[in-house]
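This report refers to the structure that appears directly beneath it.
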Amino acid sequence: VKPYLVKLDIEGAEFDVLNKLIDSNLCDAFDHLVCETHERFFKDGDKRMVELNQKLKDRNIKNVYLDWI
Numbered sequence: 001v002k003p004y005l006v007k008l009d010i011e012g013a014e015f016d017v018l019n020k021l022i023d024s025n026l027c028d029a030f031d032h033l034v035c036e037t038h039e040r041f042f043k044d045g046d047k048r049m050v051e052l053n054q055k056l057k058d059r060n061i062k063n064v065y066l067d068w069i
């Protein structure tokens, strides 16, 4: 059974996990993923967010939500 909702709040490790999920084509393994991002933990956090959003857009992934808070 595919999980309906996955919540990701892992205090800064979101970028690594999300990139791995995307690169491994695992975003179809769940219906929705909500994520609290912690870009403030990184000097290049804003850049990481732009790149992650672009990757989601480029791969037409619409079930990952980075702005749930």
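With my numbering, letter number 68 in the sequence shown gets 68, and the count goes up by one each step, no holes.
Every residue gets a Cβ at the ideal spot worked out from N, C-alpha and C, and that includes glycine.
Excluding the 5 residues preceding and the 5 following Val34 in the sequence, name in chain order all residues of the same chain whose CB lies nearer than 6 Å to its CB. Lys7, Tyr65 and Trp68
For Lys2, collect the residues of the same chain with a Cβ closer than 7 Å to its Cβ; drop the 5 residues on either side in sequence, then sort them by chain order. Ala29, Phe30 and Asp31
Using a Cβ-Cβ cutoff of less than 8 Å, which residues in the same chain neighbour Leu5 once the five nearest sequence positions on both sides are dropped? Phe30, Asp31, His32, Leu33 and Val34
How is the beta strand (DSSP E) around Lys7 delimited, first residue to last? Leu5 to Leu8
May I ask which residues mark the beginning and end of the alpha helix (DSSP H) holding Val50? Gly45 to Asp58
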